[in-house]
Amino acid sequence: MMDIELRRREFLLASAAVGGGLVLGFYIPFKGAPIAAASEPPELQPNAWLKIGEDDRVTIIVAKSEMGQGVWTSLPMLIAEELDADWSLVQPAQSGVAPVYNHTVYGTMVT
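Position in the sequence shown (from 1) plus 10 gives the number in my numbering.
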């Protein structure tokens with residue numbers, strides 16, 4: 011059994027470093043437009059795959075073609091389950107052509 015001696019100061023420095031890294035790892039972009047000036051209700055888009063409207067409508071962006079595998083049903087169902095969202099307010103949408111939707115290994119949009 012190893013005996014590790016950790017001083018209080020070292021523990022606090024390590025905790026601050028790890029905690030700071032976690033804070034920097036989560037980022038929600040701010041668009042900067044005033045809410046009152048918007049013609050439509052603002053929506054939360056934490057990443058390229060998910061949009062949550064002010065009316066609780068959840069849009070899941072699907073970058074795969076529906077070719078009988080059920081991705082337009084199964085992927086939104088999984089996300090709705092994780093968000094504990096009302097299934098009637100969940101809708102899939104086809105992604106546009108953008109590098110953010112490319113496959114991480116092949117570098118292109120593939121199904």
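Don't be surprised by glycine CBs; every beta carbon is placed ideally from N, CA and C.
Simplified DSSP assignment, three categories, for residue i
i           : result
residue 114 : coil
residue 103 : strand
Residue environment, residue i, which counts as buried when at least 16 other CB atoms sit within 10 Å
i           : result
residue 69  : buried
residue 27  : exposed
residue 8   : Limits of the chain in this structure are 11 at one end and 121 at the other, which puts residue 8 out of reach.
residue 14  : exposed
residue 115 : exposed
Selection from the options that minimises the alpha carbon distance to residue i
i           : options              : result
residue 66  : 72, 55, 73 and 74    : 55
residue 63  : 99, 82 and 74        : 99
residue 97  : 85, 108, 104 and 105 : 85
residue 82  : 95, 103, 110 and 90  : 103
residue 105 : 22, 93, 57 and 115   : 57
residue 89  : 110, 76, 77 and 60   : 60
residue 111 : 75, 25 and 87        : 75
Alpha-carbon spacing of residue i relative to residue j, whole angstroms
i          : j           : result
residue 92 : residue 16  : 39 Å
residue 73 : residue 94  : 22 Å
residue 77 : residue 117 : 21 Å
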